[in-house]
Ligand code: AMP
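Residue numbers (this note's numbering): 45 to 440.
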């Protein structure tokens with residue numbers, strides 16, 4: 045993959061439109077986690093230092109094509125103003141307001157921010173007219189929204205089509221994500237261990253089958269483990285099982301066998317009688333689960349076994365919690381895996397989504413070599429799919 049480099053152009057006084065992923069969790073207008081804002085700062089600070097006129101655009105939540113104050117980017121703009129020590133000028137209705145004029149007249153300590161792109165159905169429709177509204181008056185286009193790179197939306201795909209190819213760039217976060225995930229795809233140091241968990245086998249089948257071609261060990265946890273255990277003929281009690289996905293499970297075992305990949309499944313469990321935050325946790329010291337119980341976390345023997353394998357790995361990729369980590373009684377497996385990965389001296393990557401939240405909750409995210417900001421995007425990238433947002437930036 046080849047891209048133009050932002051560092052190779054003169055940005056002084058130039059209008060730069062930057063697509064960011066500022067889709068932060070909000071509650072009553074308060075930002076609950078600003079990881080995505082922080083991840084956008086290297087590109088923004090660089091553009092500021094080069095005296096560019098900066099226009100920011102992003103989506104937030106799913107307002108379904110209609111303006112909705114609940115999903116306004118205004119609180120994000122306020123936070124950015126504080127961090128970057130500048131004024132953030134919000135442009136709410138860029139169909140009517142002459143955003144290009146605002147951009148042209150931006151002063152030294154001002155940044156322009158377009159209101160939530162998804163207030164317009166044209167964004168998700170990848171509409172070319174909308175894209176031309178976005179890029180009006182723009183000299184350069186930068187996409188730093190890795191988390192949205194798997195979406196063929198107007199700000200991601202159509203917009204760069206209307207900017208000369210040599211004026212389109214990936215931002216620093218985008219480049220960092222691509223480099224980190226490429227390393228796993230193309231040249232992982234062995235032993236390479238993939239730790240996969242979460243709710244469903246069917247959500248992750250693509251990435252599992254693709255990684256089976258590269259990895260040496262696949263450690264499975266979360267609800268998906270019970271579908272695999274059931275396939276193997278073990279008793280899983282009332283655990284969550286995808287009964288209709290046994291064909292996918294069969295493909296996993298078949299591919300693993302032909303590639304000589306070891307698949308590790310839980311050998312003991314932390315169970316409860318009901319799926320309830322206040323349910324009391326019982327350790328079941330057996331691979332089989334009694335009929336009246338459901339597995340909600342991996343057990344202590346499984347933790348020890350997974351830790352040994354992680355410790356001896358040169359590359360580790362982790363995606364998906366080992367249990368219902370949101371409830372403290374069932375979070376031990378996820379925390380233990382996160383901690384072991386953070387201690388591993390090899391190349392370690394957390395592949396986005398819930399596992400990033402789990403690593404943060406365990407307080408170890410900063411010790412993991414790469415923490416991906418893109419959940420769906422990182423999985424699709426690792427699956428080998430060409431992401432439309434990356435393709436739009438590629439040069440030959
Ligand atoms: P995913 O988005 O696929 O990574 O799934 C994450 C979700 O899976 C989390 O909300 C967990 O609570 C849930 N989960 C993990 N393990 C289990 C389990 N054993 N039973 C039910 N849900 C689980």
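We put the CB at the ideal spot given by N, CA and C, even for glycine.
Query	Result
Beta-carbon spacing of residue 421, residue 415 below 8 Å	no
Ranges of the alpha helix (DSSP H) found wholly within the stretch 134-204, counting only runs of at least 4	143-148, 165-168, 172-178
Residue 190 beta carbon near ligand 1 (any heavy atom closer than 7 Å)	no
Backbone secondary structure at residue 74 - three-state DSSP	strand
Same chain only: Cβ atoms within 6 Å of residue 215, ignoring 5 sequence neighbours per side	87, 186, 188
Distance between beta carbons of residue 278 and residue 325, contact taken as under 8 Å	With a Cβ gap of about 20 Å, residue 325 and residue 278 do not count as contacting.
Contact check, residue 312 vs residue 345, beta carbons under 8 Å	yes
Sequence-distant residues of the same chain with beta carbon closer than 6 Å to residue 380, five excluded per side	347
At least three beta-carbon pairs within less than 8 Å, the stretch 358-370 to the stretch 223-239	yes
Any 3 or more C-beta pairs closer than 8 Å across the stretch 224-238 and the stretch 196-216	no
Within 8 Å, strictly: CB atoms of residue 153 and residue 117	no
Contained beta strand (DSSP E) runs [length at least 3] in the stretch 285-318, N- to C-terminal order	306-308, 313-316
Separation of residue 289 from residue 283, as counted between CA atoms	15 Å
Endpoints, the beta strand (DSSP E) within which residue 340 is located	338-342
Any non-hydrogen atom of ligand 1 closer than 7 Å to residue 213 Cβ	no
Residues near residue 256 in its chain [Cβ-Cβ closer than 6 Å; skip 5 each side]	299, 300, 303, 305
Beta-carbon contacts of residue 171 that lie in its chain and below 6 Å, excluding the five residues immediately before and after	198
Contacting residues, own chain, Cβ-Cβ under 7 Å from residue 235 (five flanking each side not counted)	260, 261, 356, 357, 358
Meets three-Cβ-pair contact criterion under 8 Å: the stretch 381-399 and the stretch 132-139	no
Under 8 Å between C-beta atoms of residue 62 and residue 81	no
Reference residue 18, options 332, 56, 317, 320, closest by Cα	Limits of the chain in this structure are 45 at one end and 440 at the other, which puts residue 18 out of reach.
Candidates 168, 124, 96, 387: closest to residue 413 by CA position	387
8 Å Cβ cutoff met for residue 47 and residue 431	no
Inter-residue spacing [alpha-carbon to alpha-carbon] between residue 163 and residue 101	12 Å
Every unbroken alpha helix (DSSP H) inside the stretch 337-402 [4 residues or more]	344-355, 376-387
Collapsed DSSP secondary structure at residue 245 in the structure displayed	helix
From 220, 316, 245, residue whose alpha carbon lies closest to that of residue 285	245
Start and end residues, alpha helix (DSSP H) containing residue 101	Unbroken run through residue 101 is the beta strand (DSSP E), 97-101; no alpha helix (DSSP H).
Same chain, Cβ closer than 6 Å to residue 212, five either side skipped, listed in chain order	185, 204, 437
Residue 233 (DSSP reduced to helix, strand or coil)	coil
Rounded distance between the beta-carbons of residue 328 and residue 334, thought under 8 Å	7 Å
Continuous alpha helix (DSSP H) stretch holding residue 120: start and end	118-128
Distance, residue 130 Cα to residue 94 Cα	15 Å
Proximity test, residue 320 beta-carbon vs ligand 1 heavy atom, cut-off 7 Å	no
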